[in-house]
Amino acid sequence: MTLFAVVGLYLVLGALAGTMAGLFGIGGGLIIVPVLIFSFDLQGVSTDVAAHLAVGTSLATIVFTSISSIRSHHLHGAVRWEIFRPMMAGIVLGAVLGAWTASMISGEALELVIGVFVILVALKMLFGANPKPGRDVPGSIGLGGAGAGIGWASAIFGIGGGTLTVPFLSWCNVRMQQAVGTSAACGLPIAVAGALANIGTGWQNPDLPELSAGFIYLPAFVGIVLTSVLFARVGANLAHRLDAVLLKKIFAIFLIVVGIRFLF
């Protein structure tokens, strides 16, 4: 594939990821990582680094998309900064450890882990399995520990953490709008720490394709960032016009198919 065709592919992927994220209220990483892995296979990227490259690139794009999301939620007073601050230290530590953990896993094993995670998320969406409010917001130590776990897992899967942070905060009796807004704020340190760690862990890896900065593939990064933020608004508008429940179930089935593809 020529460089022009590659960039065009990632512009389309960014538009798709942004639209799906706005439509279904999920982080774009859940879409970006599987599609990047498939596209890297088509480009002939080594299977030893394809999954790692997809995870690192996804986290790098989330840095930019999360800034726009944080601003929007903050203007609506939906970010609980008193919760975010103690979580942030744990998030940064967990994201760095998560990127290091991912770098120690083989490419095939990482694809397997991502496939299982995608299927679990799809089943959660399909059956609406969300934890019921059962406790109060923990203290600083508890929030820091939760942030570390969320950051660690998010850096492994290449997501902004909303899939994990929103259920946790909802379980802690945080209103859904505030849980989503605070989760958006948590996505920024996850993405920054995870992206920087992936640059470091992947630096000078001999299997990387040209135009890579560690485990970040620059053509994909640029293409996705250029279109994902714009099309997230398109998805949000569509969400108000279409049957969101039916669409979410259809999308969950699609994710199950994607996850099975990774497993087999």
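Residue 397 in the working numbering is what sits at position 246 of the sequence shown, and the numbering runs on without skipping anything.
Glycine is no exception: its CB is placed at the ideal position from the N, C-alpha and C atoms.
What you are looking at is a predicted structure, and each value in this text was computed from that prediction instead of being measured.
Cα-Cα separation between residue i and residue j, rounded to whole angstroms
i	j	result
residue 171	residue 304	22 Å
residue 289	residue 323	8 Å
residue 412	residue 267	10 Å
residue 240	residue 348	15 Å
residue 273	residue 292	31 Å
residue 406	residue 270	6 Å
residue 287	residue 297	14 Å
residue 234	residue 338	13 Å
residue 223	residue 257	38 Å
residue 359	residue 216	25 Å
residue 184	residue 228	31 Å
residue 331	residue 317	6 Å
residue 401	residue 313	20 Å
residue 404	residue 186	16 Å
residue 253	residue 335	23 Å
residue 311	residue 192	24 Å
residue 260	residue 199	10 Å
residue 392	residue 399	14 Å
residue 277	residue 306	24 Å
residue 195	residue 361	12 Å
Residues sharing a beta bridge with residue i, DSSP
i	result
residue 363	368
Contact belief for residue i with residue j at Cβ below 8 Å, rounded distance in angstroms
i	j	result
residue 346	residue 214	6 Å
residue 202	residue 265	7 Å
residue 309	residue 169	About 16 Å; that fails the 8 Å criterion.
residue 382	residue 211	No, residue 382 and residue 211 are not in contact; Cβ-Cβ is about 18 Å, not under 8 Å.
residue 333	residue 231	5 Å
residue 321	residue 284	6 Å
residue 385	residue 219	Contact flag wrong, Cβ pair sits at about 14 Å.
residue 188	residue 262	7 Å
Collapsed DSSP secondary structure at residue i in the structure displayed
i	result
residue 415	coil
residue 199	coil
residue 323	coil
residue 287	coil
residue 230	coil
residue 354	coil
residue 313	helix
residue 394	coil
residue 179	coil
residue 276	helix
residue 239	helix
residue 190	helix
residue 257	coil
Q) Counting pairs of Cβ atoms below 8 Å between the region 349-368 and the region 201-214, do you hit three or more? A) Yes, the region 349-368 is in contact with the region 201-214.
(Q) Assess contact between the region 334-345 and the region 235-252, defined as three or more Cβ pairs (one per stretch) separated by less than 8 Å. Is contact present? (A) At 8 Å Cβ cutoff, the stretches touch.
(Q) Can you confirm whether the region 155-163 touches the region 371-385 when touching is taken to mean that 3 or more C-beta pairs between the two stretches lie within less than 8 Å? (A) The count of Cβ pairs closer than 8 Å, one atom from the region 371-385 and one from the region 155-163, reaches three, so the stretches are in contact.
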